Amino acid sequence: MESQAAYPPAYPPSAPGPGLRLWRASRRAARAARHDPRTAVGVTLLFLYILIALAGPAFSPYDTTTPNIKVRMQGPSAAHPFGTDRIGRDVATRIIAGSRVSLQVATGAVIVALLLGAPLGALSSYVGGTFDALVQRVMEGIMAFPSLVLALALVALAGPSVPMLWFAIAFSSIPRYARIVRSGVLTHKEREYVEAARAMGQRPMGVLTKQILPNIMAPIAVQITLDFARAIGVEAALSYLGLGLSVPYISWGLMVREAQDFLEVAPWLAVFPGIALAGVILAFTLVGDSLRDRMDPRTRLPLNRRGQ
Amino acid sequence: MLIRYVAMRLVQLVPMVLVVTMVVFFVMRIIPGDPVLVMLGAVEGAAISQDVYDAMRLRLGLDRPLIVQYLDWLWDMVRGDLGDSITYRVPALDVILLRLVPTAYLMVGGVVMAVAIAVPGGVLAAIHNNTKWDHFATGFVILGITVPTFWLALVAILVFAVYLGWLPAIGYAPPQKDVVEFLRHLILPMTVVALNVAATVLRFQRQDFLEQMNLDYVRTARAKGLGERVVLWKHVLRNSLMTTVTVVGLQMAYLSGLVTVVENVFNYPGIGFLLLNSIHTRDFVVVQGVVLFMVFLAIAVNLVVDILYAVLDPRIRYR
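If you read the sequences in order, they're chains A and B.
Those letters in the first sequence? Residues 1 to 308, by my numbering.
Those letters in the second sequence? Residues 1 to 319, by my numbering.
Written out as structure tokens, the structure reads:
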């Protein structure tokens with residue numbers, strides 16, 4: 001970027017048209033992808049997933065529910081790239097429909113965890129004292145639970161519905177957000193810029209949202225991304241175990257569950273939803289790790305570019 | 001000093017244990033509908049006589065204040081009384097303990113196998129940083145983290161049981177009857193558990209090893225003429241094993257969830273299988289017992305890890 005002035009501009013400096021801007025953006029993206037292929041794979045997969053979840057069902061040539069006995073249990077073919085299930089429904093179409101359910105459940109779960117955890121962390125660090133200690137203990141207690149088992153028990157007791165899944169999957173993530181926000185607020189609240197804002201008469205709420213929050217967005221963003229991966233995995237595992245969403249909904253986990261009775265005769269029924277699931281979790285994991293890298297090169301884990 | 005440290009850690013556990021038990025207690029009470037009917041295992045619309053209903057209500061002590069109920073319930077837990085299983089009509093603890101043995105084989109076997117894969121793997125990846133070994137290890141980590149366990153388990157069944165026919169697809173055989181059959185049944189579920197755990201352990205093992213390799217004591221060891229092999233595999237590994245122990249300890253809570261999934265794919269009769277069965281038969285006494293059991297297992301293992309840490313590293317005791 002800083003070298004731009006040193007070289008003659010490659011394009012006329014006059015206002016670039018939309019085509020040119022797009023071209024430049026894609027050049028930049030291509031360079032970034034060569035530089036950091038893993039992030040590129042993650043981002044591409046992520047866009048693909050969101051695109052399919054939002055727009056895919058509108059373009060699917062088949063219906064997700066109408067049986068077609070004539071083509072039942074067919075392996076992958078040109079007409080049905082991922083084969084057909086036991087009553088002749090197109091597996092690819094159902095996977096596309098399933099992407100919407102998984103995105104819907106995961107998004108809700110992440111939002112619930114964020115909305116409950118972040119204010120709790122902010123409050124506990126601001127109030128401090130006994131309240132803070134109490135909240136900390138409660139958060140530690142929740143963290144001691146195996147997140148899948150906790151979600152499983154909650155859904156089993158309260159019955160599966162989309163909002164219940166949001167809460168059940170979110171529950172064990174609440175402490176993570178509370179922790180990030182709490183430690184962020186604690187480190188930032190004594191800094192000069194916060195003191196300056198306070199001296200200028202900004203209210204505590206304003207200091208929190210306008211001063212501190214923008215500074216702790218990076219770790220929150222990382223947590224959100226990795227939480228998506230976890231939420232999608234838990235949702236699928238719950239449906240697979242028969243405790244998540246059931247029949248009118250199409251969930252990848254449920255598709256695998258239904259497929260396991262036909263493992264010998266129709267393995268594609270179990271294989272393709274699993275690949276879709278792994279791909280999506282991979283996307284969020286790669287993007288999350290890449291975000292974490294950018295924010296703190298010190299925590300480079302084997303999932304990222306090396307070259308210290 | 002060590003005893004004081006252990007005592008301190010135990011005292012610190014009290015609030016956590018209180019919170020955990022409260023969460024379980026209150027979660028069990030958010031059951032929609034009448035807990036009396038749920039505890040009776042009644043299906044919807046079933047006619048329950050008033051006598052039976054009142055007896056169960058009294059037995060559950062639902063007429064008393066909530067806090068009294070909680071303390072009473074907690075006291076029962078402390079004495080090891082989890083209540084009677086609704087389906088089996090015997091103490092829930094007995095039902096759980098019976099299923100604990102297969103789970104213990106699976107967990108211990110899985111963790112041992114995971115460590116056996118992850119420690120040498122992580123060390124090799126760190127030593128041969130940025131080579132094809134390292135890339136291979138990274139690929140393994142990515143797959144281990146992203147591939148859903150239940151699906152990996154199904155693919156394993158598909159390949160090794162259905163296509164190759166080498167191993168039984170599902171079930172369990174007790175080792176006292178036939179050791180070979182026991183191992184044949186254990187190997188697939190154990191490997192699935194191990195691969196999943198190994199991915200996380202390897203990730204941290206590699207990272208820690210890389211960091212340790214740049215520390216002063218390594219330079220000193222090299223400077224005094226020790227061979228590279230001794231430096232890396234003895235000095236560095238010994239120090240980075242602390243991380244391994246911690247990571248394995250932190251995986252314990254996660255491990256319970258993992259084992260629950262794996263046991264249910266393989267119809268492996270452990271506590272995870274019991275948990276799902278009890279949910280389906282609406283035996284909430286056992287559900288509650290298994291959940292508590294899994295949480296306390298994780299807490300206990302982490303306590304042991306902390307103590308182990310203090311034994312291995314005297315500095316921690318004096319903090």
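Glycine residues also receive a C-beta, built at the ideal position from the N, C-alpha and C atoms.
Bear in mind that the values here come from a model prediction, so they are computed numbers and not experimental data.
Asked: Name, going along the chain, the residues of the segment 24-58 of chain A whose beta-carbon falls closer than 8 Å to a beta-carbon of chain B.; Found: none
Asked: Please state whether the Cβ-Cβ distance between Leu154 of chain B and Leu241 of chain A is less than 8 Å.; Found: no
Asked: For Asp84 of chain B, which of helix, strand or coil comes out of DSSP?; Found: strand
Asked: Mind checking the segment 254-274 of chain B against chain A and listing, in chain order, the residues whose C-beta falls within less than 7 Å of any C-beta there?; Found: Tyr254, Ser256, Gly257, Thr260, Val261, Asn264
Asked: Grouping DSSP H, G and I as helix and E and B as strand, with all else coil, what is Asp51 of chain B?; Found: helix
Asked: Between the C-alpha atoms of Val147 of chain B and Gly206 of chain A, what's the straight-line distance to the nearest angstrom?; Found: 43 Å
Asked: Which residue wins for smallest C-alpha separation from Asn130 of chain B, given the options B:Asn196, B:Leu210, B:Thr21?; Found: B:Leu210
Asked: With a threshold of 7 Å on Cβ separation, who are the neighbours of Val231 of chain B within its own chain once the five nearest residues in sequence on each side are excluded?; Found: Val218, Ala221, Arg222
Asked: Tell me whether Thr130 of chain A is buried or exposed, calling it buried when 16 or more other Cβ atoms sit within 10 Å of its Cβ.; Found: exposed
Asked: Quick check: the Cα distance between Asp63 of chain B and Met56 of chain B, rounded to an integer number of angstroms?; Found: 11 Å
Asked: For Arg292 of chain A, would you say it is in contact with chain B, using Cβ-to-Cβ distances shorter than 8 Å as the test?; Found: no
Asked: Taking only beta-carbon atoms, is Leu303 of chain A less than 8 Å away from chain B?; Found: Here the model assigns Leu303 of chain A a pLDDT of 45, short of 50, so the residue's position is not dependable and the matter cannot be decided.
Asked: Hey, does Ala106 of chain A have any beta-carbon neighbour from chain B nearer than 8 Å?; Found: no
Asked: For Thr225 of chain A, count neighbouring C-beta atoms within 10 Å of its own C-beta (all shown protein chains included) and say buried if the count is 16 or more, exposed if not.; Found: buried
Asked: At a CB-CB cut-off below 7 Å, which residues of chain A make contact with Phe150 of chain B?; Found: Ala237, Tyr240, Val256
Asked: Helix, strand or coil: which one does DSSP assign to Pro248 of chain A?; Found: coil
Asked: With DSSP as the reference, label Asp90 of chain A as helix, strand or coil.; Found: strand
Asked: In chain B, which residues lie less than 8 Å from Thr285 of chain A when you measure between Cβ atoms?; Found: Ile142, Ile145, Thr146
Asked: Out of curiosity, what's the CA-to-CA distance linking Leu245 of chain A and Ile95 of chain A?; Found: 15 Å
Asked: Are there 16 or more other CB atoms within 10 angstroms of the CB of Arg24 of chain A, so buried, or fewer, so exposed?; Found: exposed
Asked: Could you work out which residues of chain B lie near Ala144 of chain A, taking near to mean beta carbons separated by less than 7 Å?; Found: Met16, Val20, Ala253, Val295, Ala298, Ile299
Asked: Determine the contact status of Gln212 of chain B and Ser240 of chain B, defining contact as a CB-CB distance below 8 Å.; Found: yes
Asked: For a contact meaning CB atoms closer than 7 Å, what does Pro219 of chain A contact in chain B?; Found: None at all; the shortest Cβ gap to chain B is about 18 Å.
Asked: At what residues does the alpha helix (DSSP H) containing Lys132 of chain B begin and finish?; Found: 132-146
Asked: For the alpha helix (DSSP H) holding Glu235 of chain A, just list the boundary residues, first then last.; Found: 217-240
Asked: Taking buried to mean at least 16 other C-beta atoms within 10 Å of its own C-beta, is Phe284 of chain A buried or exposed?; Found: buried
Asked: So what does DSSP say about Thr65 of chain A, is it helix, strand or coil?; Found: coil
Asked: Taking Asn215 of chain A as the reference, which of A:Ala199, A:Val181, A:Met200 has the closest Cα?; Found: A:Val181
Asked: Kindly identify the DSSP beta-bridge partner or partners of Pro163 of chain A.; Found: None; Pro163 of chain A has no bridge partner.
Asked: Taking DSSP as the reference, what is the three-state secondary structure of Pro168 of chain B?; Found: coil
Asked: Only counting the same chain, and skipping five residues up and downstream in sequence, which positions put a Cβ closer than 8 Å to that of Leu152 of chain B?; Found: Val192, Leu195, Asn196
Asked: Given that a residue counts as buried once 16 or more other Cβ atoms are within 10 Å of its Cβ, and exposed if not, what is Trp166 of chain A?; Found: buried
Asked: State yes or no: is the C-beta of Val110 of chain A within less than 8 Å of the C-beta of Leu286 of chain A?; Found: no
Asked: May I have a chain-ordered list of the alpha helix (DSSP H) segments no shorter than 4 residues that lie completely inside the segment 182-267 of chain B?; Found: 216-223, 237-265
Asked: By the criterion of Cβ-Cβ separation under 7 Å, what are the contact partners of Leu2 of chain B in chain A?; Found: Going along chain A, no residue has its Cβ under 7 Å from Leu2 of chain B, so there is no contact; the nearest lies around 24 Å.
Asked: Considering only the alpha carbon of each residue, which of A:Leu269, A:Ala229, A:Arg257 lies closest to Thr107 of chain A?; Found: A:Ala229
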